[in-house]
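Taking it in order: structure first as structure tokens, then the write-up.
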């Protein structure tokens with residue numbers, strides 16, 4: 004239940020409590036996304052926090068210590084919960100705050116909830132131990148776990164009515180999600196290897212003599228730096244395409260996306276400068292730099308700088 008005050012929807016007390024829970028989850032666990040989400044007006048910020056909290060639950064099941072069979076059961080139970088939300092069978096008296104918040108958000112915004120089914124499908128690929136021979140194989144996985152999040156977020160952001168190219172906004176949001184996920188994969192090479200996972204395509208590993216992954220020493224003569232630089236170029240091309248989304252959004256939604264993408268672009272820059280750093284540990288940005296990127300995103304400065312830099316690189 005909601006009421007309207009001065010043109011804005013005000014959640015009832017139980018729904019507000021559910022949103023507060025999701026915002027706490029986002030603030031504690033969304034190490035990069037939280038900086039962008041804070042730039043949104045309250046209603047969109049709450050909806051994005053609900054989406055994040057549900058997505059976090061799915062990811063935590065996949066990354067947890069349960070046996071594969073138990074993970075599958077938990078993921079299918081989560082899909083059943085999503086079906087209840089989609090069918091409008093979750094009300095403010097439900098005991099699950101994430102379900103309450105997401106159900107309320109789905110009533111307010113045209114969120115394509117099928118994207119969360121795709122996320123569950125992607126995490127099931129992890130549970131099944133899927134391997135990726137080619138970039139096309141990996142791209143299908145990235146579309147499930149990240150591209151879908153971009154399209155879900157677009158349901159909250161909306162686009163300028165009648166804006167040229169607005170019909171391609173879901174495509175751009177999907178591509179930007181791929182760019183972020185590929186950056187994540189590069190950043191987490193060591194952590195994923197410790198968990199028995201290799202995401203980079205086998206074709207690319209072979210091309211640079213890196214064997215079948217990073218669970219042990221690299222083969223003699225391997226060109227790990229060459230592999231990283233190759234994937235960085237691929238990620239930059241995805242960012243360049245995905246950034247076409249920004250002019251289609253209102254100022255604060257565009258600032259949110261620019262801040263989140265800007266943080267990952269700077270991570271990509273660090274990885275490019277020192278490829279072997281990802282083998283030593285997780286590459287990250289200090290909080291003050293993330294905050295700086297968020298401020299630049301609000302002003303549009305960081306996005307314009309990246310766009311000019313990409314043009315210079317393409318014309319060299």
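Numbering (the working numbering), first residue to last: 4 to 319.
We put the beta carbon where it would ideally sit given N, CA and C, even for glycine.
Since the structure is predicted, the reported quantities are computational estimates derived from the model, not experimental observations.
Practice task
Would you kindly report the start and end of the unbroken alpha helix (DSSP H) that includes residue 64?
Solution key: 45-66
Exercise for the section: Could you say which of 133, 127, 105, 181 lies nearest to residue 47 if we only look at CA atoms? Expected result: 105
Practice task
Throw me the rounded Cβ distance for the residue 151 and residue 118 pair, which I believe falls under 8 Å.
Solution key: 4 Å
Handout entry: Contact between the region 26-46 and the region 289-296 (3+ Cβ pairs under 8 Å)
Key = yes
Exercise for the section: Can you tell me which of the three DSSP states residue 131 falls into? Expected result: coil
Handout entry: Sub-8 Å separation of residue 61 and residue 126 beta-carbons
Key = yes
Problem - Buried or exposed by the 16-neighbour rule on C-beta atoms within 10 Å, applied to residue 74 - result: buried
Handout entry: residue 269 - containing alpha helix (DSSP H), residue span
Key = 254-276
Problem - Assigned exposure category for residue 184 - 16 Cβ within 10 Å defines buried - result: buried
Exercise for the section: Below 8 Å CB to CB, which residues in the same chain sit around residue 238 once its five sequence neighbours on both sides are set aside? Expected result: 182, 185, 186, 189, 271
Practice task
Within 10 angstroms of the Cβ of residue 207, are there 16 or more other Cβ atoms? Answer buried if so, exposed if not.
Solution key: buried
Problem - Segment contact, 8 Å Cβ cut-off, at least three pairs: the region 225-237 with the region 156-169 - result: no
Exercise for the section: Check whether the Cβ atoms of residue 264 and residue 242 sit closer than 8 Å, and answer yes or no. Expected result: yes
Practice task
Could you pull out every residue in the same chain whose Cβ sits closer than 6 Å to the Cβ of residue 21, ignoring the five residues on either side in sequence?
Solution key: 100, 103, 104
Problem - residue 232 - containing alpha helix (DSSP H), residue span - result: 227-245
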